[in-house]
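Asks: Pasting in a structure now, in structure tokens, and then I'll have a few things to ask.
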Amino acid sequence: MSWMAWTLPTAIFFTAIGLALVGLTVLEVYRPTERVRGFLPMATTRGDRFFISLLSAAFIHLLWLGLMDKGLLVVSGVSAVWAALLMRWG
Amino acid sequence: MSSFKPKNNRAWLGVLPVLLIVAFSAVIPLMTVVNYSVQDILDFNSRFFVGFEWYQQTLKDPRFVDAFLRQVVFSLTILAIEVPLGVAVAKGIPKDSRFTSLILILLALPLLIPWNVVGTIWQVFARPDIGLLGWTVNALGIPYNYTAEPLHAWLTLVAMDVWHWTSLIALLAFAGLTSIPTPFYQAAELDGASRWQVFRYVEMPRLQGVLIIGVLLRLMDSFMIYTEPFVLTGGGPGNATTMLSQHLATMAVGQFDLGPAAAFSVIYFLFILLFCWIFYTSVVRSDDE
């Protein structure tokens with residue numbers, strides 16, 4: 001695995017995503033998702049909302065990195081809150 | 001007694017081989033690129049964690065911003081030409097003539113030519129000294145030299161892409177048009193609909209699905225274009241036709257800046273993913289409606 005040039009932060013990041021996917025799979029078995037319409041302009045499943053929250057978090061970070069130099073933890077917090085809102089009411 | 005069978009989750013095992021292939025061909029390389037993007041890699045044994053430094057550097061790099069804008073302008077331009085032109089060509093193909101198959105084969109020919117060969121064909125075709133196009137345009141009294149003038153290089157690049165890929169849209173649109181049942185046209189004729197009204201209210205709604213797929217394919221492909229401009233103009237004159245992928249290749253292969261190139265790749269990938277998602281959602285929504 002050393003050829004993949006792992007670092008601790010990226011390992012934590014991918015492990016978190018992997019665990020989230022496993023969690024969503026287990027949840028799907030016990031509580032199958034339904035397409036629901038929230039504040040997003042289309043009906044989404046739980047997996048859709050998870051994907052949208054990850055993608056939007058990536059772009060929020062990119063926007064911040066392109067415009068600012070500091071305060072990345074704040075933007076990570078904003079992304080987490082946005083992801084929570086999206087998963088619950090999206 | 002219910003007529004529905006219980007779900008057989010064992011079928012998911014059938015997906016495992018695909019998952020493994022995708023893991024090795026896409027997920028693991030992508031994870032490696034992400035790992036590279038947060039490190040300064042001098043050689044394989046000398047790597048240093050730098051956080052988001054390469055991302056910041058890339059996003060604030062005017063060459064990246066310029067290449068990105070060029071890429072967006074190029075993709076939107078070719079879509080604005082290829083989609084209406086492809087639909088117009090499809091409308092012109094007779095549906096039940098004995099020449100229909102021949103026309104479709106001729107239309108498909110440009111799609112079968114490898115990308116580097118397309119670049120080479122147009123490089124020769126557009127040369128002002130010996131190329132048929134370049135020589136003719138100059139002979140008509142219009143000064144044209146795609147190797148020296150950025151505007152000419154752009155026009156040649158757009159013309160090349162339109163020549164190469166309009167057929168794809170035309171074939172997709174033709175498939176969509178042939179799937180419209182004849183009674184639809186008969187009903188429109190009874191209602192006294194004009195040709196435009198038939199196109200607008202009978203054909204366009206039926207073409208929507210295939211056109212969304214066509215636009216998606218062309219957008220993705222044009223956004224990743226590399227070989228054709230590389231062969232035709234080499235990204236020049238200056239950097240006038242340097243698209244994102246060529247800029248990336250220069251960083252990664254030419255300068256061996258693996259960290260910055262990896263950060264560039266991740267940003268590039270995220271944009272492609274965003275476009276894919278937008279169009280996938282559009283397809284799903286149009287199917288629902």
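Residue numbers (the numbering used here), protein chains in the order written: chain D, 1 to 90; chain U, 1 to 289.
For each residue, glycine too, the CB sits at the ideal point set by N, CA and C.
At a cut of 8 angstroms, does the segment 205 to 225 of chain U reach the segment 170 to 181 of chain U through at least three beta carbon pairs?
Replies: At 8 angstroms Cβ cutoff, the stretches touch.
Asks: Which residues does DSSP list as the beta-bridge partners of Ser-46 (chain U)?
Replies: Answer is U:Asp-43.
Asks: Going straight from the alpha carbon of Pro-110 (chain U) to that of Arg-10 (chain U), what length do you get?
Replies: Distance between the alpha carbons of Pro-110 (chain U) and Arg-10 (chain U) is about 44 angstroms.
Asks: Compute the Euclidean distance between the alpha carbons of Arg-70 (chain U) and Glu-149 (chain U), then round it to the nearest angstrom.
Replies: Looking at the two C-alpha atoms, the distance is approximately 16 angstroms.
Asks: Give the DSSP-derived three-state secondary structure of Thr-44 (chain D) in the structure shown.
Replies: Note: Thr-44 (chain D) maps to strand in three-state DSSP.
Asks: Starting from Arg-76 (chain D), trace the alpha helix (DSSP H) in both directions and tell me its first and last residue.
Replies: First, the residue type needs correcting, since residue 76 (chain D) is Ser and not Arg in the sequence shown. Taken as a continuous stretch (DSSP letters only), the alpha helix (DSSP H) holding Ser-76 (chain D) covers 72 to 89.
Asks: Count the other CB atoms, across all protein chains shown, that sit within 10 Å of the CB of Thr-182 (chain U); report buried if there are 16 or more and exposed otherwise.
Replies: It counts as exposed.
Asks: Pair every Cβ in the segment 56 to 63 of chain D with every Cβ in the segment 75 to 85 of chain D, then say whether three or more of these pairs are closer than 8 angstroms.
Replies: A contact exists between the segment 56 to 63 of chain D and the segment 75 to 85 of chain D.
Asks: Hey, how far is the Cα of Leu-190 (chain U) from the Cα of Phe-199 (chain U)?
Replies: Spanning the two alpha carbons is a distance of roughly 15 angstroms.
Asks: Spatial neighbours of Pro-237 (chain U) within its chain, please: C-beta separation below 8 angstroms, excluding the five flanking residues on both sides.
Replies: Hits under 8 angstroms: Thr-147, Ala-148, Glu-149, Pro-150 and Ala-153.
Asks: Of all the residues that make up the segment 19 to 35 of chain U, which are near chain D by a beta-carbon distance shorter than 8 angstroms?
Replies: Listed by position along the chain: Ile-28, Met-31, Thr-32, Val-34 and Asn-35.
Asks: Within this structure, are the beta carbons of Val-83 (chain U) and Val-215 (chain U) separated by less than 8 angstroms?
Replies: Closer than 8 angstroms, so yes.
Asks: Would you say Arg-206 (chain U) lies against chain D (beta-carbon separation less than 8 angstroms)?
Replies: Chain D contact via Cβ: absent.
Asks: Going by DSSP, what residue range makes up the alpha helix (DSSP H) through Asn-116 (chain U)?
Replies: Its alpha helix (DSSP H) spans residues 115 to 125.
Asks: Is the beta carbon of Tyr-226 (chain U) closer than 8 angstroms to that of Ala-249 (chain U)?
Replies: A contact, by the Cβ cut-off of 8 angstroms.
Asks: With DSSP as the reference, please indicate the residues paired to Val-36 (chain D) in a beta bridge.
Replies: Answer is D:Thr-44, bridged to Val-36 (chain D).
Asks: Ordered along the chain, which non-local residues of its own chain (more than five positions away) have a Cβ less than 7 angstroms from that of Arg-31 (chain D)?
Replies: The answer is none, since no qualifying residue turns up.
Asks: According to DSSP, is Val-38 (chain U) part of a helix, a strand, or is it coil?
Replies: Note: Val-38 (chain U) maps to coil in three-state DSSP.
Asks: In the DSSP assignment, the alpha helix (DSSP H) including Asn-138 (chain U) goes from what residue to what residue?
Replies: Start and end: 132 to 139.
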